[in-house]
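Participant: Numbering follows numbering that gives the first Met the number 0, in which position 4 of the sequence shown is assigned residue number 3; successive positions increment by one, without gaps. Think of the CB as a built atom: it goes at the ideal place given N, C-alpha and C, for glycine as much as any other residue. These figures come from a predicted structure and were not determined experimentally. Sharing a structure, written as structure tokens. Questions coming.
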Amino acid sequence: MFPSSWFSLKEWEDIGLKINSTSSNEAVKLYDSALTQFTFWADDPSQGGLIDTLDRLEKADTDFVLGKTLSLGLKLLDHTKCYFLDSDIQNETDSLEKLMQRRENEISFRERKHVEAVGKLSRLDLLGAANVWEQILQQYPNDIHALKFCFYSYLFHGEKQKQFDLIQKSYPYFFDQQKITNHYSMIMNGMLSFVNEELQFFRVAERYGRQGLERNPFDGWATHALAHVMEMEGRFEEGINFMNMTERNWTKSNHLACHNYWHLSLFNLSTDNFDAALDLFDEKILPTARQTKKSFNLCDAASLLYRTYLLKYDDPDRLHLQSRFEDVFAIVKPYLNHHVIGFCDLHYLMACIGSKHSVEAKNLFETIGGSDLSIVQEESARITQNLMESMILFDAKRYEEVIKILLSIKDSIVSIGGSDAQRDIFNQLLIVSAMQSKQAANNQDFIDRLNEERKIFKKNDRFIQQKQFQQKLLMNTQQ
């Protein structure tokens with residue numbers, strides 16, 4: 000899975016990515032190791048894992064600019080810290096920028112731009128950071144450091160076309176005949192698979208995803224991209240079999256395993272295997288969220304429970320959802336007023352609502368508007384507020400108001416970032432609101448139309464049929 004050796008200064012230069020900010024071969028090899036573990040979503044046991052590698056990288060050369068940009072960037076990608084909230088992040092950002100100024104004549108254009116980009120990321124200017132990484136990639140299209148960070152900036156801003164263009168443009172440069180041995184090329188098929196899937200080019204996406212796994216069966220991101228294809232095409236049983244049969248492989252990508260278990264849980268929910276989905280929550284997703292406290296894992300945990308709640312809205316107690324929501328709330332509580340990114344705030348609100356912490360839910364919603372941080376951009380902040388309000392109103396059983404809000408922003412929800420599969424929870428919220436409304440009998444044409452729209456968006460989708468079945472089942476048990 001991992002290369003047997005790491006790039007030296009000369010080898011970095013040989014692939015067109017000369018490093019000027021250190022003369023230490025040890026430092027650039029550790030930089031390669033850390034960057035590889037990040038891009039592979041996996042800890043390398045021979046290196047002691049990513050955290051230990053980053054610690055040794057810092058000690059190998061305390062003035063290594065590129066190494067410092069990677070270390071700071073990885074802390075920021077978790078979306079629990081930023082320049083405005085964390086004094087350590089503020090000091091690290093300021094120190095890095097001062098180091099660059101002091102060494103400006105020694106370091107390259109590429110390294111200076113990396114410092115500029117991570118400074119913007121630290122200050123929550125995701126699109127500004129992406130623009131700087133794009134500038135790097137114009138001259139150095141095989142700079143995987145710039146490529147991956149730029150990709151995630153677009154992902155959490157809902158820029159599906161830009162993330163597609165980004166990967167599509169860089170892809171050929173990782174397969175140049177002189178650079179074919181570059182280990183970073185191993186992740187490119189999975190990356191290209193995902194961006195094709197998000198634009199609903201499912202056949203192309205599946206082809207590249209399977210090519211990625213042929214080259215590296217342990218590629219958790221390629222597995223993840225194929226799970227997206229199967230989810231969007233309604234191939235739920237196939238998805239369960241695929242994920243179960245390859246579990247020993249994709250769990251090697253340990254930093255992505257929790258999210259892949261989330262995908263497996265969605266397949267189980269879509270086939271009415273509620274107990275199997277919640278077993279995965281109890282045994283895989285919640286323990287990972289507790290251990291890492293990473294926003295990515297916290298969002299998976301909250302999202303899975305809220306989706307189950309929507310499906311079992313008429314009878315949630317049977318599945319003991321509130322106690323599980325309480326477990327998630329206990330982990331997200333320290334981050335409730337951070338407001339680093341709207342996508343995370345929305346999922347933290349799900350934990351508040353599901354655990355009946357109405358005071359914290361109200362405060363989370365109200366402090367969004369007064370935050371000086373700005374959730375990525377004003378448009379994203381507005382949509383985030385609307386979505387939060389819709390969830391709070393749903394909890395208050397004010398379904399007609401939920402419908403009105405969600406319909407008014409339906410085509411703009413993409414701006415909160417994440418994937419189509421992740422944002423689909425708000426389509427589900429709209430459907431359940433229409434079915435629970437006092438006007439439900441008059442809403443049947445509307446519900447039918449939503450169903451038809453879902454079948455275009457998600458082939459073979461069964462959400463509405465599942466809801467109707469659950470409602471009938473509950474009525475029968477109450478008679």
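1. Going along the chain, which residues of its own chain have a beta-carbon closer than 7 Å to the beta-carbon of Gly72, five neighbours each way excluded?
2. Would you check if there are 3 or more beta carbon pairs closer than 8 Å linking the segment 98-112 to the segment 129-136?
3. Determine, using beta-carbon pairs with one atom in the segment 4-17 and one in the segment 194-208, whether at least three such pairs fall under 8 Å.
4. For a test of the three-state rule: what should DSSP assign to His356, helix, strand or coil?
5. What number of angstroms, rounded off, separates the C-alpha of Met10 from the C-alpha of Ile404?
6. Over what stretch of residues does the alpha helix (DSSP H) that includes Leu212 continue unbroken?
7. Tell me where the alpha helix (DSSP H) around Phe6 begins and ends.
8. What distance in whole Å lies between the Cβ atoms of Ala26 and Asp497, which are believed to be in contact at a cut-off of 8 Å?
9. Decide if His227 is buried, meaning its Cβ has at least 16 other Cβ atoms within 10 Å, or exposed.
10. Buried or exposed: where does Lys361 fall if 16 or more other Cβ atoms within 10 Å of its Cβ makes it buried?
11. Assign His479 to buried or exposed, taking buried as 16 or more other Cβ atoms, counted over all protein chains shown, within 10 Å of its Cβ.
12. Any idea if Gln290 is buried or exposed, counting beta-carbon neighbours within 10 angstroms, 16 or more meaning buried?
13. Extract the residue ranges of the alpha helix (DSSP H) inside the segment 39-83, only unbroken runs of 4 or more that lie entirely within it.
14. Could you check whether the segment 446-464 touches the segment 342-354, counting it as contact only if at least three pairs of C-beta atoms, one from each stretch, sit closer than 8 Å?
15. According to the neighbour-count rule (16 or more other Cβ atoms, all chains shown, within 10 Å of its Cβ), is Asn426 buried or exposed?
16. Taking just the CA atoms, how far does Leu191 sit from Asp499?
17. Round the Cβ separation of Ala433 and His254 to the nearest angstrom and send it over; I've been treating them as touching at under 8 Å.
18. Tell me which residues share the same chain as Pro216 and place their Cβ nearer than 8 Å to its Cβ, disregarding the 5 neighbours each side in the sequence.
19. Using the three-state DSSP reduction, which class does Glu452 fall into: helix, strand or coil?
20. Within its chain, find whatever has a CB closer than 7 Å to the CB of Glu205; leave out the 5 residues flanking it on each side and keep chain order.
21. Could you name the residues of the same chain whose beta carbon sits closer than 7 Å to that of His182, not counting the 5 residues immediately before and after it, in chain order?
22. Between Arg306 and His113, what straight-line distance do the alpha-carbon atoms span, to the nearest angstrom?
23. Cβ atoms of His338 and Cys298: under 7 Å apart, would you say?
24. Would you check if there are 3 or more beta carbon pairs closer than 8 Å linking the segment 268-279 to the segment 232-246?
25. Taking C-alpha atoms, which residue in Leu76, Gly189, Gln167 lies nearest to Asp124?
26. DSSP three-state call for Ala275: helix, strand or coil?
27. Alpha carbon to alpha carbon, what distance is there between Ser357 and Ala187?
28. Pull up the CB-CB distance for Gln385 and Ile408, whole angstroms please, since I reckon it's below 8 Å.
29. With a Cβ-Cβ cutoff of 7 Å, do Phe63 and Ser20 count as a contact?
30. Report the CB separation of Ile415 from Ser379 in whole angstroms; it is logged as a contact under 8 Å.
31. List the whole-angstrom C-beta distance separating Glu400 from Leu392, where the pair is believed to meet the contact cut-off of C-beta under 8 Å.
32. Determine the DSSP secondary structure at Lys457, reduced to helix, strand or coil.
33. List, from N- to C-terminal side, the alpha helix (DSSP H) runs of 4 residues or more that fit wholly inside the segment 218-305.
34. For Leu285 and Gly353, which I take to be in contact (beta-carbon distance under 8 Å), what is that distance rounded to the nearest angstrom?
35. On the criterion of 16 or more Cβ atoms from any shown chain inside 10 Å, does Ala145 qualify as buried, or is it exposed?
Facilitator: Here's the rundown:
1. Val117, Leu120, Phe148
2. yes
3. no
4. coil
5. Correcting the residue type first, residue 10 is Glu in the shown sequence and not Met. Going by the C-alpha atoms only, they are around 55 Å apart.
6. 201-214
7. Taken as a continuous stretch (DSSP letters only), Phe6 belongs to no alpha helix (DSSP H), as it is neither H nor E.
8. Because the chain spans 0 through 478 in this model, residue 497 falls outside it and cannot be assessed.
9. buried
10. exposed
11. Residue 479 lies beyond the stretch modelled for the chain, which goes from 0 to 478, so this question has no answer here.
12. exposed
13. 48-59, 64-75
14. no
15. buried
16. Nothing in the structure corresponds to residue 499, since the chain is present only between 0 and 478.
17. That pair is no contact at about 38 Å.
18. Thr245, Asn248
19. helix
20. Leu225, Val228
21. Pro2, Thr35
22. 39 Å
23. no
24. yes
25. Leu76
26. helix
27. Looking at the sequence itself, residue 187 is Met, so the reference to Ala does not match. Those two C-alpha atoms are separated by around 44 Å.
28. The sequence shown places Asn at residue 385, not Gln. Correct: roughly 5 Å between the Cβ atoms.
29. yes
30. 6 Å
31. 5 Å
32. coil
33. 219-231, 235-244, 246-249, 253-269, 273-279, 285-291
34. With a Cβ gap of about 13 Å, Leu285 and Gly353 do not count as contacting.
35. buried
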